Amino acid sequence: MIRENLKDYNSTKPSVITIGTFDGVHIGHKKIINQLTSISSKNNLISILLSFFPHPKMVLQNDNELKLINTIQEKESLLNSLNLDYLIIKEFTKEFSRLSALEFVRDILVNKLNAKHIIIGYDHHFGRNRTANIEQLKEFGELYDFKVTEILAQDIDDIAISSTKIRKALINGEIRLANKFLGYNFFFSGDVIHGNNIGKTISFPTANIKIDTPYKLVPKNGVYIVKTIIDNQITFGMMNIGYNPTFNGKQKSIEIHFINFNKNIYHKNLTIEMISRIRNEIKFNTVEDLKKQLEQDKLSTLNYIKSLNI
C-alpha cells in the first residue's frame, strides 16, 4: 500500500474509492475495505481509501479536546494488511469544507482520482455542511459515469460500530469493549523517559511512557494489563494512567511495571497494547497499603498471563 498526499497523487488509472476518516480501522471499516478490494480485483481498478487529516471536527468546531484512536502512522500500519493500493490523505481545511458536493465529486473524485466506482457507508454525508447523501452521489454517478455501492448498517455485523462509540468506551475505561469493536487491542506508542523513580523505592520499578502525538486518545485513568514486544520478546505488564495520588502527584503520567523484567529500556520506543482494566486509580492512606494493592494487581496480571497458556 502507498500512502500519498492528495496533491501529490498523479496516477491516471481508473479507481474504486471509499471515503472517510476511518479512525480506529475497526471491524466495520474492514468490512467496507474488503468490499473495496474485492471490486478492485474483479474490475481491474486500483483501490483507494481517501481520508482526511486533521479530523473535520478539529477544524470546523475548533475541537481541540477531540482525541483520535489512531495516529496517521498507526492507521497506515493497520491498513497495510488489507490489500489496499493507496491511502490518500487530504488535508482538511475550512476552505476545503466549503466545496459543494458537485465540486468535491467532479474535482477530486473524478478529475483527480479517476473514480469509476465509489463505496460508502450507510450514513455517509459529504459536501458543504454535509448536505449531500447517497442519492445525490448516485445522481453524480450517472453524470460522471461511476457506480455507487452503499454498505448497509445490517451488513456490518448487525451492529452499528462507530469510531465515536469506540472513543467513548476508551474514555470510560471499557478497554475490552473497545477491543471487541476494534477487532484488535487498542495500542499506542511512546518513548521510555526518566520519571521520579518512586516505583523503585517500593520494589515496583516502572517505565514512564511519553506518547508520540498530542492528539492520540489516552483511555481513562486507572490500572490496566498491557503487553509489548521488547527485544523480540512478548512482555506483559501492569500500567497506571493517572497522577499517583498516594504521592500527591501533580502531573499525569503513564507508567508500566513489566512483569519479571529488569532490562534498561530508557529511550526505547515501545508500542503498548492495552488488554484489560484492573481497577480505578486510588489514593491510599499509606505507602504500605499501595504496595499491598500492587501485589494484588500483579497477581491479576500473572493470572491473566497464565490463562493464555504461553
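All residue numbers for the sequence shown refer to my numbering, where the first residue is -9 and numbers rise by one.
Glycine is no exception: its CB is placed at the ideal position from the N, C-alpha and C atoms.
Here the structure is a predicted model, which means the values were calculated and not measured.
Contact under 8 Å by Cβ, residue i with residue j
i: Ser5; j: Ile38; result: yes
i: Arg267; j: Tyr233; result: no
i: Phe43; j: Glu81; result: yes
i: Thr61; j: Thr218; result: no
i: Ala197; j: Glu245; result: yes
i: Gly10; j: Ile151; result: no
i: His16; j: Phe171; result: yes
i: His184; j: Tyr256; result: yes
i: Asp75; j: Ile36; result: yes
i: Phe237; j: Ile272; result: no
i: Ser87; j: Leu50; result: yes
Endpoints, the alpha helix (DSSP H) within which residue i is located
i: Thr154; result: Ser153 to Ile161
i: Thr291; result: Val277 to Ser297
i: Ile19; result: The amino acid occupying residue 19 in the given sequence is His; Ile does not appear at that position. That run of the alpha helix (DSSP H) goes Ile17 to Asn33.
i: Asn47; result: First, the amino acid is wrong: residue 47 is Lys here, not Asn. It spans Pro46 to Leu50 - the alpha helix (DSSP H) in which Lys47 sits, taken as one unbroken run.
i: Gly189; result: Ile188 to Thr191
i: Asn169; result: Ile165 to Leu172
i: Glu64; result: Ile62 to Leu69
i: Phe130; result: Ile124 to Tyr134
Segment limits, beta strand (DSSP E) that includes residue i
i: Ala105; result: Ala105 to Gly111
i: Gln223; result: Gln223 to Gly232
i: Tyr214; result: Gly212 to Ile220
i: Phe82; result: Taken as a continuous stretch (DSSP letters only), Phe82 belongs to no beta strand (DSSP E), as it is neither H nor E.
i: Ile36; result: Ile36 to Phe43
i: Ile7; result: Ser5 to Ile9
i: Leu89; result: Taken as a continuous stretch (DSSP letters only), Leu89 belongs to no beta strand (DSSP E), as it is neither H nor E.
i: Asp181; result: Phe177 to Ile183
i: Glu140; result: Lys137 to Ile141
i: Asn198; result: Ala197 to Ile201
Same chain only: Cβ atoms within 7 Å of residue i, ignoring 5 sequence neighbours per side
i: Asp148; result: Any reading at Asp148 must be qualified, since the residue scores a pLDDT of 45, below 50, and its modelled position is unreliable; no value is offered.
i: Leu77; result: Met(-9), Arg(-7), Leu39, Ser41, Glu66 and Leu69
i: Asn73; result: Thr27
i: Ser71; result: none
i: Lys200; result: Gly180, Asp181 and Ile183
i: Lys3; result: Ile36 and Asn104
i: Lys155; result: Phe171
i: Ile224; result: Lys217
i: Pro235; result: Glu271 and Lys273
i: Tyr205; result: Lys57 and Leu58
Cβ-based burial, residue i [other Cβ within 10 Å; buried from 16]
i: Thr261; result: exposed
i: Leu133; result: exposed
i: Asn230; result: buried
i: Glu64; result: buried
i: Leu301; result: Since the displayed the chain opens at -9 and closes at 300, residue 301 lies outside it and no answer follows.
i: Val302; result: Coverage of the chain is limited to positions -9 through 300, which leaves residue 302 absent and any answer about it impossible.
i: Ile108; result: buried
i: Val182; result: buried
i: Asp13; result: buried
i: Arg157; result: buried
i: Thr276; result: exposed
i: Asn169; result: buried
i: Lys240; result: exposed
i: Thr8; result: buried
i: Lys20; result: buried
i: Asp287; result: buried
i: Ser31; result: exposed
Chain-order list of residues whose beta-carbon lies under 8 Å from that of residue i (same chain, five-residue window excluded)
i: Thr121; result: Ala91 and His115
i: Thr291; result: Ile215, Phe226, Gly227, Met228, Ile249 and Ile268
i: Ser193; result: Lys281
i: Lys106; result: Pro4, Ser5, Val6, Asn33, Leu35, Asp135, Phe136 and Lys137
i: Thr83; result: Val49
Sequence-distant residues of the same chain with beta carbon closer than 6 Å to residue i, five excluded per side
i: Leu284; result: Phe194
i: Gly117; result: Ser90, Ala91 and Phe94
i: Asn270; result: Gly212
i: Lys296; result: none
i: Leu167; result: Ala159
Check: residue i C-beta below 7 Å from any heavy atom of the ligand PLP
i: Lys288; result: This structure does not include the ligand PLP; it has no bound ligands of any sort.
Below-8 Å beta-carbon distance, residue i vs any chain B residue
i: Glu129; result: Among the protein chains of the structure shown there is no chain B, as only one such chain exists.
Would you be able to state if there are at least three C-beta pairs under 8 Å between the stretch 50 to 58 and the stretch 26 to 37? no
Please determine if the stretch 125 to 137 and the stretch 167 to 186 are in contact, where contact requires at least 3 C-beta pairs separated by less than 8 Å. no
If contact is defined by three or more beta carbon pairs under 8 Å, each pair taking one atom from either stretch, is the stretch 148 to 165 in contact with the stretch 203 to 212? yes
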